[in-house]
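Note that the protein sequences, when read in sequence, are chains A and B.
At position 305 of the first sequence the residue is numbered 305 (the working numbering), and the sequence of numbers has no breaks.
At position 251 of the second sequence the residue is numbered 1251 (the working numbering), and the sequence of numbers has no breaks.
So the structure is just underneath, and the comments pick up after that.
Protein chains: 2
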Amino acid sequence: MKIAIAQLNPTIGDLPTNAQKILEAAQQAVAAGARLLLTPELSLCGYPPRDLLLNPSFVVAMGMTLQQLAKELPPNLAVLVGTVSPNLQASTTGGKSLFNSIALLEDGKVKQVFHKRLLPTYDVFDENRYFEPGLQANYFTLDNIDIGVTICEDLWNDEEFLGKRSYAVNPIADLAILRVDVIVNLSASPYSVGKQQYREAMLKHSAVRFQQPMIYANQVGGNDDLIFDGRSFALNRQGEVMCRARGFATDLVIVELDETQRDLQLSSVAPVYESENEEIWQALVLGVQDYARKCHFSQVVLGLSGGIDSALVAAIAAAALGKENVLGVLMPSPYSSSHSVSDALALGENLGIQTTILKIGELMQGFDHTLADLFAGTEFGIAEENIQSRIRGNLLMAIANKFGYLLLSTGNKSEMAVGYCTLYGDMNGGLAVIADVPKTRVYSLCEWLNRHSEIIPQNILTKAPSAELKPGQVDQDSLPSYEILDDILQRLIHNHQSAAQIVTAGHDPVIVDRVIHMVARAEFKRRQAPPGLKITDRAFGTGWRMPIASNWAAIKNTYQTKNIPTPTLT
Amino acid sequence: MKIAIAQLNPTIGDLPTNAQKILEAAQQAVAAGARLLLTPELSLCGYPPRDLLLNPSFVVAMGMTLQQLAKELPPNLAVLVGTVSPNLQASTTGGKSLFNSIALLEDGKVKQVFHKRLLPTYDVFDENRYFEPGLQANYFTLDNIDIGVTICEDLWNDEEFLGKRSYAVNPIADLAILRVDVIVNLSASPYSVGKQQYREAMLKHSAVRFQQPMIYANQVGGNDDLIFDGRSFALNRQGEVMCRARGFATDLVIVELDETQRDLQLSSVAPVYESENEEIWQALVLGVQDYARKCHFSQVVLGLSGGIDSALVAAIAAAALGKENVLGVLMPSPYSSSHSVSDALALGENLGIQTTILKIGELMQGFDHTLADLFAGTEFGIAEENIQSRIRGNLLMAIANKFGYLLLSTGNKSEMAVGYCTLYGDMNGGLAVIADVPKTRVYSLCEWLNRHSEIIPQNILTKAPSAELKPGQVDQDSLPSYEILDDILQRLIHNHQSAAQIVTAGHDPVIVDRVIHMVARAEFKRRQAPPGLKITDRAFGTGWRMPIASNWAAIKNTYQTKNIPTPTLT
């Protein structure tokens, strides 16, 4: 039996277009001789639909689209479509009014509906907000083959592999007891660095442990801050990769189940990426491309400071949308170094994008003049530095508004973490392209980009990073070196380490304390940041939910200097 | 038995200060002869702690603080304290690693710990992200009185009153079967208009239905976008209000349980508010006061346009922080009407706040000049209008940065809904004071404020609202009348109605369609808005989770014109 995986890129809420994509994939699958087609989780509405699900007319429209799609699909093909379905007992027995479901469409009808059992509620996931968990193992029989059906998180509770149990049940174990022939999983699993290796290792463990061939179908494409990487794959009973779809692109692949051996045969296996940098690059390019396309922008504008962050974002934008659709704006001030303009122009030249220069000196004087009475007797400081950044932000937004361009913001994760950025200034934009990329990774991405020839001018890579908001300023006047800062931030933000733990790892206690305070104080800036493309397992986006008016950072050291006993709650 | 309710105002994460507040309340309770003290849900860390709970050192510190507090409390007083506690079986049986708990402290120790059973995951609530639900009915016996313990949401599943069941179990029903003498509920229930009447009616229903006296202890104070209104209360077995604490202020009240009748006696009952406007006013004043205080600001700045929105915000700020701590900045342009300055100055006079005037004409020319080549041949439009708003935003932030003031933004909910506001311009601020107040309510609040004497100058109330970003502009050039707009928005946003339903209610289909599209298109602006004080059951804050890159609004009418069948999923 040939099974096709449609690795689709839906637009959230665009039900007819998404249904059309499923229909086209079905026609291709039939042409390739497939008997069954898999599509990703919630393939009909796109993942994540978020609060659109609170809108009853949206849910009704999804049901109508599903019925219509069932009628239009080609004969002799069974199709698994991701959709929501009503929990008809919700108001009498309690529980959410929807299930996150997979519908089996065949012979012009919805034949069966399966419900997701494990609902994630960590990081960016809010599934308990909308869905009731399914209570039973899901499978169906097609031409005498028993096919177990799971949805995304249903896979993620192998306590042997993960070292702990996150949910009471393991849907894979339940299906193994039923001795199905193959387990399929329809996913919408967002990208983060290294996630694919983790997925494949985890599924390999489950395949071997439960002696079950597995087929994993993932969504692809950017939806706001989330990038879905695709890379659908299939494992035989020994956990070997028999098939892998492309990364960061739509695909349709066929995997064959040998009906005698009841195991999967080797088919096309897309290669893994040569480096993390290549993988991140692909992710960011897709993220920009899809955000622009799905928001109906074809052109983008960004400020080019001559620094490395805006250089990387310009390169990503050119790759995503075509160099002719990228406008770089140079906005030198009297504090800008001469190389800031020449480096930015060299970059623009290398990329082949349009550039324009708008000097901001006159506007800076205008603000100084307007505020002269009010600021009389005060010294040049943060207020004046921020004015410059906000003049640039205003100019960029004026261009975006005038010509209908999408403004890309260029701040990196290290800056966003410690607040080394200006709200309503350089933070301006519809999309923060590298907001989840630490500064050290920005450097290594640019070096990778230059592996064949110079794209990012060498001087941008080697000069000391500077905001150039006052004469002679460099980032390291205000911040520890980025190697040290990024290591502290990784421990603090990703690993949830305490100050004591970070100090034990070898960092200076004074710097650690300062960084912790800077991170806490920057919360109000992050709350107003544009969506930032997520490439790590802990981004400052929809999965970062911190109070602003909080005093924890200020008092936390009083606890950390004490000898901390284990709490003895009974 | 005298039972004290400490209606506390914690700062999120400030464990020692919050513990100190509980200790002081305990001393007062003892002085008043109480045997038991109730504090709100999570009184030790403040509600909502959000992702601070993902930080193990925070959880450990909370446990330490609780142990220490137990030792310091006065003798002969039992105290219920809201805290988190570890789910020690989580990694072996599956489940979240914490419970949302109440600790019973007595005799220097933590005597018992009770876990919240119903965990809300709607609107602003994310409790499944952190907590595992408790599985058993909670009660303890004190001097022969059986006291049932519930936490916030545990009350909110009376299917008779609510018309549906939201959870499988009703903790009140479980306690009634056990025939406890009184049920206490420790809450952190955010304010919305009319919520208190709803709470009291619901609890009255449960009290009568289950023949149980009830004591409800609520948190008070502003935490970011959420305002907790306090108004703790107690009901006797007949559901009559025996006690009510103040609204929007800390309080300590005593309610007496007659040990023979096993029912609550009448004690002090704070009056209900005379009008919704008074209630909303109190909420907004507290919200500004607490956000400023908890973020360590004593002074605020805002732009005074001469319009009604900024007038209301200035009045709220003066009431919250003192007139001497409010600076209103007038920033007239050549397009500003003469009354915009005179009205704003009159308002400043009435309120007794400081005002200053910064003309922006020169800066507008500076931007025109800087952009002249790039914009050559284009017409004056939205881009130029936004430049003005962003010049003002830059000036206000410069003042805020220079003097350490908190900038308040002044946009109302109707504007935020349809995007009639400038991102990085008038949307700038640390707190959006009236972001959840529809324009029609802004008018009625100002009329209420003027009930004794003129505070908001009459001309501000009567003139046509205008952004004054081009000559002769009024809001109704771009928008339907606010009466119509606000009714459509109420149906769309609060009631989740479809376009067809809104049209059936009597609205013009063309206007409805336009409003729906404006709301969808403004999502990117709302994503970057400051926290806005929540006063309704559906605010554009932490409880509003919409995709930006979505196509639902664009295609939704194709479904609504069809005859919609009920989905027939099996």
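Here a beta-carbon is modelled for each residue, glycine too, at the ideal position from N, C-alpha and C.
Its Cα nearest to that of Q1211 (chain B), the residue B:R1237 stands out among B:R1237, B:I1227, B:Q1282, B:N1138. Boundaries of the beta strand (DSSP E) around L1038 (chain B): 1036-1038. Apart from sequence neighbours up to five positions away, the residues of its chain that approach D1158 (chain B) with a beta-carbon distance below 8 angstroms are N1170, I1172, M1202, H1205, S1206, R1209, ordered along the chain.
Nearest Cα to S1414 (chain B) within the set B:C1446, B:A1283, B:V1515, B:I1357: B:V1515. Its Cα nearest to that of S1333 (chain B), the residue B:N1386 stands out among B:R1179, B:N1386, B:Q1197. DSSP, reduced to helix, strand and coil, places A1435 (chain B) outside both helices and strands of the structure shown, so it counts as coil. Excluding the 5 residues flanking it on each side, D263 (chain A) has same chain C-beta neighbours closer than 6 angstroms at P213, N236, R237, in chain order. Secondary structure at C446 (chain A): helix, using DSSP grouped into helix, strand and coil. Residue nearest to A1500 (chain B) within the set B:R1451, B:K1556, B:I1215, B:S1481 is B:K1556 (criterion: CA-CA distance). Among the CB atoms of chain A, none fall inside 7 angstroms of the CB of Q1490 (chain B). At a cut-off of 7 angstroms between beta carbons, C295 (chain A) contacts chain B. Residues of chain A with a Cβ closer than 9 angstroms to the Cβ of L1304 (chain B) do not exist, since the nearest Cβ in that chain sits about 15 angstroms away. Under the Cβ criterion (8 angstroms, minimum of three pairs), the segment 398-417 of chain A counts as touching the segment 429-447 of chain A. For M1397 (chain B) against R1526 (chain B), the beta-carbon gap comes to about 20 angstroms, at or over 8 angstroms, which does not count as contact. If the five residues before and after P1531 (chain B) are omitted, its C-beta is found closer than 7 angstroms to the C-beta atoms of D1224, D1225, L1431, A1432, G1541, all from its own chain and listed in chain order. Interface residue (Cβ-Cβ distance to chain A less than 7 angstroms): K1470 (chain B) is not classified as such. Around the C-beta of T504 (chain A), fewer than 16 other C-beta atoms lie within 10 Å, and the residue is accordingly described as exposed. Counting C-beta atoms within 10 angstroms of its own C-beta, N76 (chain A) has fewer than 16 neighbours from the protein chains shown and is therefore classed as exposed. For a Cβ distance threshold of 9 angstroms, nothing in chain B lies close to G148 (chain A): the least Cβ distance comes to about 19 angstroms. The C-alpha of A522 (chain A) lies about 13 angstroms from the C-alpha of A554 (chain A). Each of A:S298, A:G307, A:L330 was checked against the Cα of A318 (chain A), and the nearest Cα belongs to A:S298. By the beta-carbon neighbour count (other beta carbons within 10 angstroms, threshold 16), S1338 (chain B) is exposed. In this model, Y198 (chain A) and A311 (chain A) are separated by some 31 angstroms (Cα to Cα). Here N1128 (chain B) has L1119, T1121 as same chain residues with Cβ atoms under 6 angstroms from its own Cβ, once five neighbours each way along the sequence are excluded. Boundaries of the beta strand (DSSP E) harbouring Q1007 (chain B): 1002-1007, taken from the DSSP string. Close partners of R1390 (chain B) in chain A (Cβ separation under 7 angstroms): N394, M397. Proximity of chain A to K1002 (chain B) at the Cβ level (cut-off 8 angstroms) is not reached, the minimal Cβ distance being about 27 angstroms.
When only Cα atoms are considered, D1051 (chain B) and P547 (chain A) end up about 8 angstroms apart. An exposed status is given to I177 (chain A), since fewer than 16 other beta-carbon atoms sit within 10 Å of its beta-carbon. Neighbours of F1524 (chain B) across chain A, judged by C-beta separation under 7 angstroms: G430. In the structure shown, the three-state DSSP call for M1214 (chain B) is strand. Judged by DSSP secondary structure, M546 (chain A) falls outside any beta strand (DSSP E); it is assigned neither H nor E.
Within the segment 1152-1235 of chain B, complete beta strand (DSSP E) segments of at least 3 residues are found at 1182-1187, 1214-1218, 1220-1223, 1226-1229, 1233-1235, given in chain order. Beta-bridge partners assigned by DSSP to G328 (chain A): A:L302, A:T355. Interface residue (Cβ-Cβ distance to chain A less than 7 angstroms): H1115 (chain B) is not classified as such. Taking all protein chains shown into account, R117 (chain A) has 16 or more neighbouring C-beta atoms within 10 Å of its C-beta and is therefore buried.
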